[in-house]
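Following my numbering, the numbering of the sequence shown begins with 21 at its first residue and continues without gaps.
Note that CB positions come from ideal geometry on N, CA and C, so glycine has one too.
Fair warning: this is a prediction, and the values are worked out from it, not measured in the lab.
The block underneath contains the structure these notes are about, expressed in C-alpha cells.
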Amino acid sequence: MGGGGKGGGGKQTTTTTAEPWSGVKPFLTEGYQDLSNQYKQGAPGYYPGGTVAGMSPYTSGALQMQAVRALQGSPLTGAAQDQLTRTMQGDYVAQLNPSTSAAQGGLANIAGGGQLGALDPAMQAAQDQQRATIRGDYLNAGNPYLQGAVDAATRPLVDSFQRNIMPAIDSQFSAAGRYGSGAHGGALGEAIGQQQRAIGDVASNMAFGNYSAERGLQQHAADAAAQNYNAAANRQMQGIGQAFQNWNAERDRQNQGMFFAPQLAQQDYFDINQLGASGSAVDAYNQALLDADIGRYNYGQNADWVRTQDYLGTLLGAPWGSTSTTSQPRPSAFSSALGGGLQGASQGAAFGPWGALAGGVLGAGAGLLNRSDARVKTDIVRVGTLDNGLPVYRFRYIDGGPVQLGVMAQDVVALRPDAVHDIDGVLHVDYARATEG
Numbered sequence: 021m022g023g024g025g026k027g028g029g030g031k032q033t034t035t036t037t038a039e040p041w042s043g044v045k046p047f048l049t050e051g052y053q054d055l056s057n058q059y060k061q062g063a064p065g066y067y068p069g070g071t072v073a074g075m076s077p078y079t080s081g082a083l084q085m086q087a088v089r090a091l092q093g094s095p096l097t098g099a100a101q102d103q104l105t106r107t108m109q110g111d112y113v114a115q116l117n118p119s120t121s122a123a124q125g126g127l128a129n130i131a132g133g134g135q136l137g138a139l140d141p142a143m144q145a146a147q148d149q150q151r152a153t154i155r156g157d158y159l160n161a162g163n164p165y166l167q168g169a170v171d172a173a174t175r176p177l178v179d180s181f182q183r184n185i186m187p188a189i190d191s192q193f194s195a196a197g198r199y200g201s202g203a204h205g206g207a208l209g210e211a212i213g214q215q216q217r218a219i220g221d222v223a224s225n226m227a228f229g230n231y232s233a234e235r236g237l238q239q240h241a242a243d244a245a246a247q248n249y250n251a252a253a254n255r256q257m258q259g260i261g262q263a264f265q266n267w268n269a270e271r272d273r274q275n276q277g278m279f280f281a282p283q284l285a286q287q288d289y290f291d292i293n294q295l296g297a298s299g300s301a302v303d304a305y306n307q308a309l310l311d312a313d314i315g316r317y318n319y320g321q322n323a324d325w326v327r328t329q330d331y332l333g334t335l336l337g338a339p340w341g342s343t344s345t346t347s348q349p350r351p352s353a354f355s356s357a358l359g360g361g362l363q364g365a366s367q368g369a370a371f372g373p374w375g376a377l378a379g380g381v382l383g384a385g386a387g388l389l390n391r392s393d394a395r396v397k398t399d400i401v402r403v404g405t406l407d408n409g410l411p412v413y414r415f416r417y418i419d420g421g422p423v424q425l426g427v428m429a430q431d432v433v434a435l436r437p438d439a440v441h442d443i444d445g446v447l448h449v450d451y452a453r454a455t456e457g
C-alpha cells in the first residue's frame, strides 16, 4: 500500500509493507494446512441416535386417559343433564313422586268428605249413631237389664203392700163386718192402683235415667270416635306433609348435585393433569440426559476444528511487523502524512486490528503538530508498538470525532522530549521527530 502528500515544497513517496512476525509464519502455515486437511475430510457426523427423548409411561398414560375422558365425557355431566331435562319437563311434579301423589289424593279425599265414612269404620259407626239419635231410634229401644233393675227397685213396695197394706185393709173391713163387701173391694183396688203407680214411677225414672246414661255413653263414644279419626287424619296429613318436604329436600339436593356435576367432572382431569405433570418432569430429565449426550458427541466431532481455529486465532493475534521506505525523505512531509493518516485510521479497520494501524500510518493528512495529550482523549486502548518502541493507541477525542490511532505525548516525552510542545496547556507531538529511529 502507498500514499503520497506534499510537504517542504517537493513530492515524496512512502511504501509500507506489513507481514506476520517471522517466528509465527511456520505455525500459521501448519495451522492452515490442518484446516485444509480437516475440510477435505468432510463435515462432522450428525448425532447417530434420536435427538428427542422417548415419552415416559406417565405422560403416555395421562394422554390416553385424557383422550378417553374427552371422547366419552364424564358420567356425572350426563346424569346432571338428564336430571335437568326431566326437571324442566316437570317429571318430578307428580307422577314420579309417590309422596306428592299421596298428598294430593289425601287432600282431595278430605275435601270430598270421603274419609269421614268410607275410609274409617269407626267414623262410619259414629255417623250411624248420630243418625239414629236424630231419628229417635233409642227412645223406644229396650234394655234387657232394665226390668231386673226395676224388679229389684220395686220389690220393697210389693213386699210392703202384701205384708202391711193389704192385711191392714182386710183387718179394717173384717172388724167392721164388711169383709168381702164392695167397699172392701174398692179399698183394695185403690191401694193396688196406688202401688202400681208407685212401681211405674220407679220403673219410668230408672228407665229414663238408664236411657239418658246410655245415650250419653253412645254420644261420648261417637265424639271420641270422631276425635280419634280427626287425630289420625291429622297425623296422616302431617306424615304426608313431612314426606313431601323430605322429597322436596331430596330434589333440592339432586339439583345442587346436578349443578356441581361440571366441577366434579373437571376434577377428573386433575389427577390426569397431575400425572401429566409428573410425566413432563420425567420427559424433561430424559431430554436433558439426551442433550448432554448429544453435546458430548458434537464436542468430539468438532474438537479438532475448534482447537485448530483457537490455535490460528492465537497466532494471528501476535504483532505484525511493518517496514516503511520513503523516497526524498523530508521530515515535515512525513510528519504531515503520518499525523493526518492517524486521524483516518478507521479506514484501515477492515484489515483487522493491525490493518487499522497500517491504514493509519499510511493515510494522508495535514498538520505538523498533533494534539497527543492523553488528557484530551478517551476510550484509550493500546493496540501495538512502533519500531522505535513508542506504544500505539486507539482512541477518541473527548470533544468528539471518529476512532483514531496515534501515540500519547506522555509516552513521547520519555523517548523524544524535543518532539513534544505545550500549546495553551495541551501537549502536542511532532510525529516526524517522534517516529525517528
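Per DSSP, the beta bridge partners of G404 are V412. DSSP, read as helix, strand or coil, puts Q103 in helix. In this chain, the beta strand (DSSP E) harbouring I443 covers V440 to I443.
With the rule of 3 Cβ pairs closer than 8 Å, the region 78-94 does not count as touching the region 316-323.
Between the region 68-75 and the region 281-291, the count of C-beta pairs closer than 8 Å stays below three; the two stretches do not touch. For D450, the number of other beta carbons within 10 angstroms of its own is at least 16, and it is reported as buried. Residues of the same chain with a CB within less than 8 Å of the CB of Q215, apart from the 5 flanking positions on each side, are L177, V178, F181 and I185 in chain order.
If you compare the alpha carbons of A434, N275, A173 and H441 with that of D102, the shortest gap goes to N275. If you ignore the 5 residues before and after R416, its C-beta comes within less than 8 Å of the C-beta of K397, T398, D399, P422, V423 and Q424, all in its own chain and listed in chain order. For Q307, same chain residues with a beta-carbon under 8 Å away, outside a window of 5 residues either side, are V72 and A73 in chain order. Note on geometry: alpha-carbon atoms of A244 and Q283 lie some 58 Å from one another. Annotation: the continuous beta strand (DSSP E) that includes D450 extends over V446 to D450.
Where Q424 is concerned, the enclosing beta strand (DSSP E) starts and stops at Q424 to G426. When the alpha-carbon of V170 is set against those of I314, A253, V222 and A146, the nearest one is in V222.
Under the DSSP assignment, R391 falls in the beta strand (DSSP E) whose first and last residues are L389 to R391. The residue among D407, V403, G409 and D431 with its C-alpha nearest the C-alpha of R395 is D431. A contact between stretches requires three or more CB pairs, one per stretch, nearer than 8 Å, and the region 75-83 meets this requirement with the region 291-305. Each of M226, G420, A152 and T97 was checked against the Cα of A285, and the nearest Cα belongs to T97. Nearest to L410 by alpha-carbon distance, out of V433, L91 and R235, is V433.
Per DSSP, reduced to three states, the secondary structure at D54 is helical.
For T334, the number of other beta carbons within 10 angstroms of its own is below 16, and it is reported as exposed. A233 and A203 have their C-alpha atoms roughly 45 Å apart.
Apart from the 5 residues on each side of it in sequence, T174 sits with its Cβ closer than 8 Å to the Cβ of A218, I219, V222 and A223 in its chain, given in chain order.
Going by DSSP, F193 is part of the alpha helix (DSSP H) stretching over M186 to A195. Looking only at Y249, Y231 and P40, the smallest Cα-Cα distance to A145 is reached by Y249.
With respect to the 8 Å criterion, L332 and L48 are classified as neighbours on the basis of their beta carbons.
An exposed status is given to Y66, since fewer than 16 other beta-carbon atoms sit within 10 Å of its beta-carbon. 8 Å or more divides the Cβ of L166 from the Cβ of A251. The C-beta distance from N408 to T455 rounds to 7 Å, short enough to meet the 8 Å contact threshold. Taking all protein chains shown into account, H448 has 16 or more neighbouring C-beta atoms within 10 Å of its C-beta and is therefore buried. Residue pairing for Y417: DSSP places it in a beta bridge opposite K397.
The straight-line gap separating the alpha-carbon atoms of A263 and R255 is approximately 12 Å.
A straight-line Cα-Cα distance of about 16 Å links G229 and A172. With contacts defined by Cβ atoms closer than 8 Å, S392 and A452 do not form a contacting pair.
If you draw a straight line from the Cα of L295 to the Cα of N268, it comes to about 41 Å.
Proximity to D148 across P95, Y413, Q238 and A63 peaks at Q238, based on C-alpha coordinates.
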